Amino acid sequence: MGLLSRKVTCNSHGQDSSYFLGWLEYEKNPYDEVKNPRGIIQMGLAENQLSFDLLESWLDKNPDVAGFKRDGQSIFKELALFQDYHGFPAFKKALLDFMAEIRGNKVTFDPNRIVLTAGATSANETLMFCLAEQGDAFLLPTPYYPGFDRDLRWRTGVEIVPIKCTSSNRFKITASALEDAYQRAQRKNLRVKGVLVTNPSNPLGTTMTREELDLLVNFITDKEIHLISDEIYSGTVFSSPAFVSIMEVLKDQNLEKTEIWERVHIVYSLSKDLGLPGFRVGAIYSNDPIVVAAATKMSSFGLVSSQTQYLLSAILSDKKFTKEYIAKNHKRLRKRRSMLVAGLEKAGIDCLESNAGLFCWVDMRHLLSSDTFEAEMELWKRIVYDVKLNISPGSSCHCTEPGWFRVCFANMSEDTLKLAMQRLKSFVGSITGHDRSHQELKNSRRKFRSKWVFRLSFQSFHDREQDER
Amino acid sequence: MVAISKIATGDGHGENSPYFDGWKAYETNPFHPTDRPDGIIQMGLAENQLCFNFIKKWVMKHPEASLCSAQGVNKFKETALFQDYHGMPEFRQAVAKFMGKVRGGRVEFDPDRIVMSGGATGAHEMVAFCLADPGEAFLVPTPYYPGFDRDLRWRTGVELVPVVCKSSNDFKITTNALETAYEKAKEDNLKVKGLLVTNPSNPLGNILDRDTLKGIVEFINEKNIHLVGDEIYAATVFMEPEFVSISEIIEEVECKRDLIHIVYSLSKDMGFPGFRVGLVYSYNDSVLSCARKMSSFGLVSSQTQHLIASMLSDDDFVDSFIVESKEQLFRRHKYFTWSLSQVGIGSLKSNAGLFIWMDLRKLLKEKTLEAEMDLWRVIINEVKLNVSPGSSFHCNEPGWFRVCFANMDDHTMEVALLRIRTFMLEHNKAMVPRKLCSQSSLKLSFSRRRDDFMSQSIMSPHSPLPQSPLVQART
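Pasting the structure below:
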């Protein structure tokens, strides 16, 4: 057999991570209400399945668009031939209008600065190819989306150095954590090219505060490095505080037309906000014309299908629709999150207060047999194989503290979510009920509670039982 | 200002090549029959525009394929959520079946060996990432598609070593040429990981004969290097000899299957470059597994997978399409080459592709690259045609040009031919056959010229009877 590249034989594709192994288990035994009611419930997939009816009804009312027609005429040929990597102008405009709408129209975007890519996966990799050399590093706050290990590093040779965030301050980015990460990179002889943040955060489900954003701007100014803001969940901010985009912060600090302005790049996608991961619609927005030029050429390796660009340009140009969609989607996400939180509470489990995303960052530290990642893996395996819920362990997101799990809530029906919560409650009851007294459980939870007040009030195990009737 | 990467600031994107300069010139002054009749006609874009009416009819009749009928809308959610990098099974099955039919049913493709990519562009880069490390090399026979310089090298760091093919033997890929290239790479301390051949060839428009293919397979087995077959023009073979795919040859000769990979796409065969349907078909399981993960960077939109799955699983449509497409390409090619021969312009004998490899060596002032560039600038600026100079394809001999013929309607083709005739009669009369020179008027009507052509009983490859001049291709 001929020799293959090192990329084939290494594991930088990241698929040996537990994040993906849980998926594999799920695929062997997937839950189905009718056909497989004892199967594994998928709670490890950050999909938004709550608002398809809105899209379907739009399609119903506008059948021509999907059918390659414009004003009653077929434009099939025009679309089939359209391969210009600058993208469909009407689509870029509609996409940028949508992005502006999500940001409360506090920022305006220039269509000459957007590059369309095959999903955010491609956008992130492309930015690495544009901004960094093999062996350079980007700093990423932990916990972060496991896919970054592949997207940012695999084919690019770029390294990731974690900015360690902890539960002591609800995983917020601090100046010292940034500096610490930078120094660690220096000690490893890695040249730091930038910081990449996900805002709203995956897996935390929180939006960044203005303080954090200001901190980041100061940091990249001081170190003369880039900032990539992955804002693919910006449309899922369902409760306050409102989303503050990095572009807004730069504007407020009067940094337009400065060097720093050109070092900030945004990644966007319609996979989460519109729930269309199959359509592969991603984008890079950069204020640096050289980056835009290079990324545009690179997008040849993963353009968005013209068929899809046309359909989405029509949907997103319908401002009445986008306004309604955004509002209803938020409402449904908020309600769904509450359901999950309430269900978790009944099982004696807290989660990080969050206002965005398609998941909660759940605190199961009190269920660990020891404060170790081995114990986290032990617990995770039991949850996947015994409780039959696929959730994502914090270690797969590079969390520095064991015991946290990302649990998705928007990719299933209400009934399935309720069932999942029941299973979890039974499980927790079985591992805590016999071994420990009610008071012991209360104490162990209090020990892990942060000094910040959670929105959920703490009830005694006994009180909770009474509520469940 | 903090630096961005060398990849971003360098010119590995290849766009400074004259291949693209012509496009840029075209874009500033594009031909339009009424709005810009003096504009530049695009003959540098290998697009297949001859069968759209045929395809469009199918699309109109099958709204569910486009997710816009009630039946289609029901599939919307499922489709919109489908992001599995294995690709929709029905999509892979339909494409595998199509690939088999295009090869006359002589070989069957396994849908599980298909990995999606962002067009053939994405497929080539992906294969390079899988087979080679930075600094290693691929052999590529010249002349070759300029995009390879970017696709195989830019972000991968892989090198390309040309296998120099010459006009003296119609640019055949000989074992000698392969060995020479291999040795040259060794001298330059480049580790050769594979050989990339495009069959049917871009820009030559011909196919590799069986002996050449066998020679190639023997060579790569002996050297233990990979063979990547770019077969994206497979369905554009409009005339004998019949296309022979690498997938067929490996059934006939000894070959280590793990070395064999095919790149395919629907951009040329079906005329769908906008839909970004590319794929890698590999006989190597490790490559498949790796490529599948890499395909995350360029998956085919599920909306498009659904459309293609519906279209290509319609056997009647596919069978008719393959015949119709060959017919249209045959006619267009025949008419174009005949018209050129009338003014003394020859081209490499070809039976495939969307272009001809035009021989303008006699028009060069001298046998140099500069002379070729001079002639090319005359063709763009005076004759007002965007054609692609052979040097941009790394041809070792000046004077050859790739000229596309399938990306325009009949009227535009006539305008282009008229311009060529005018140019030849005004500047190169010596080359034009006497017969035509004696005709004083250039103002022959379009239909009169077409009738001349048709009256010579040009036979379609598929019908036993000569085509009536009344039966005209309508594109």
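Chains as they are written, first to last, in my numbering: chain V, 1 to 469; chain C, 1001 to 1475. Every residue, glycine too, gets a C-beta built ideally from N, C-alpha and C. Keep in mind the model is a prediction, meaning the values are calculated, not measured.
Residue-level contact to chain V via CB, residue i, 8 Å cutoff
| i | result |
| --- | --- |
| C:F1020 | no |
| C:V1059 | yes |
| C:Q951 | Nothing in the structure corresponds to residue 951 of chain C, since chain C is present only between 1001 and 1475. |
| C:P1466 | Residue confidence for C:P1466 is low, a pLDDT of 34 falling below 50, so the modelled location carries little weight; the figure read from the coordinates is stated next. It does not: the Cβ of C:P1466 has no partner Cβ on chain V nearer than 8 Å. |
| C:G988 | The shown model of chain C, from 1001 to 1475, leaves out residue 988 of chain C, and the question about it has no answer. |
| C:R1155 | yes |
| C:E1426 | no |
| C:Q1083 | yes |
| C:E1047 | yes |
| C:D1274 | Here the sequence assigns Gly to residue 1274 of chain C, which means Asp is not the residue at that position. By this cut-off, C:G1274 is an interface position. |
| C:S1440 | Reliability fails at C:S1440, whose pLDDT of 44 lies under 50, so the model's placement of it is uncertain and the value that follows must be treated cautiously. No - not a single Cβ of chain V is within 8 Å of the one on C:S1440. |
| C:F1052 | yes |
CB-CB length for residue i against residue j, believed under 8 Å
| i | j | result |
| --- | --- | --- |
| C:V1318 | C:F1098 | 6 Å |
| C:P1200 | C:A1406 | The Cβ separation is near 13 Å, so there is no contact. |
| V:L311 | C:Q1303 | 7 Å |
| C:D1269 | C:A1234 | 6 Å |
| C:V1144 | C:T1198 | One detail in the question is off: residue 1144 of chain C reads as Tyr in this sequence, not Val. Correct: roughly 7 Å between the Cβ atoms. |
| V:I290 | C:I1004 | 6 Å |
| V:L213 | V:I246 | 6 Å |
| C:G1122 | V:G302 | 6 Å |
Min CB distance residue i to chain C below 8 Å
| i | result |
| --- | --- |
| V:L140 | no |
| V:Q83 | yes |
| V:C130 | yes |
| V:P519 | Beyond the ends of chain V as shown, which are 1 and 469, falls residue 519 of chain V; an answer cannot be given. |
| V:S122 | yes |
| V:P146 | no |
| V:D60 | yes |
| V:V8 | yes |
| V:Q308 | According to the sequence provided, residue 308 of chain V is Thr. The question's Gln does not apply to it. True, the Cβ-Cβ gap to chain C drops below 8 Å. |
| V:P277 | yes |
| V:E378 | no |
| V:F321 | no |
| V:F68 | yes |
| V:K77 | yes |
Residue interval of the alpha helix (DSSP H) (run including residue i)
| i | result |
| --- | --- |
| C:R1150 | G1147 to D1151 |
| V:R423 | E414 to T432 |
| C:F1013 | It should be pointed out that residue 1013 of chain C corresponds to His in this sequence rather than to Phe. Element bounds for C:H1013: n/a, residue is neither H nor E. |
| C:P1273 | Here C:P1273 belongs to no alpha helix (DSSP H), and DSSP marks it neither H nor E. |
| V:I173 | Unbroken run through V:I173: none, as it is neither H nor E. |
| C:L1476 | Residue numbering for chain C in the displayed model covers 1001 to 1475; residue 1476 of chain C lies beyond these limits and cannot be assessed. |
| C:V1323 | D1315 to Q1342 |
| V:W380 | F373 to K381 |
| V:G119 | G119 to L131 |
| C:D1402 | Per the sequence shown, residue 1402 of chain C should be read as Arg rather than Asp. No alpha helix (DSSP H) contains C:R1402, which is instead part of the beta strand (DSSP E) from W1400 to C1404. |
| V:D222 | R210 to K223 |
N- and C-terminal bounds of the beta strand (DSSP E) containing residue i
| i | result |
| --- | --- |
| C:M1358 | F1355 to D1359 |
| C:G1118 | I1114 to G1118 |
| V:T198 | V192 to T198 |
| C:D1045 | Note that residue 1045 of chain C is Leu in the sequence shown here, rather than Asp. No beta strand (DSSP E) holds C:L1045; DSSP gives it neither H nor E. |
| C:E1159 | E1159 to V1163 |
| V:H226 | H226 to D230 |
| C:V1140 | A1137 to P1141 |
| V:I266 | V264 to S269 |
| C:S1265 | I1260 to S1265 |
| V:R406 | W404 to C408 |
- Query: Do three or more CB pairs link the region 326-344 of chain V to the region 235-254 of chain V at distances below 8 Å?
  - Reply: yes
- Query: If you pair each beta-carbon of the region 1328-1337 of chain C with each one of the region 45-55 of chain V, do three or more pairs fall below 8 Å?
  - Reply: no
- Message: Taking beta-carbon pairs under 9 Å, can you tell me which members of the region 280-303 of chain V lie near chain C?
- Response: R280, V281, D288, I290, V291, A293, A294, A295, K297, M298, S299, S300, F301, G302 and L303
- Positions along the region 1123-1137 of chain C whose CB lies within less than 7 Å of some CB in chain V: E1125, F1129, C1130, L1131, A1132 and D1133
- Query: Is the region 170-177 of chain V close to the region 111-125 of chain V, with three or more CB pairs under 8 Å?
  - Reply: no
- Message: Does the structure place the region 1125-1139 of chain C close enough to the region 1375-1394 of chain C that three or more beta carbon pairs sit under 8 Å?
- Response: no
- Query: Does the region 137-146 of chain V come close enough to the region 391-411 of chain V that 3 or more CB-CB pairs lie under 8 Å?
  - Reply: yes
- Determine which residues of the region 84-109 of chain V have a Cβ less than 8 Å from any Cβ of chain C, and write them out in chain order. none
- Message: Which residues of the region 27-52 of chain V have a Cβ closer than 9 Å to any Cβ of chain C? Give them in chain order.
- Response: E47, Q49 and F52
- Message: Across the region 1240-1247 of chain C and the region 1101-1113 of chain C, are there enough close Cβ pairs to call them in contact, namely three or more that are closer than 8 Å?
- Response: yes
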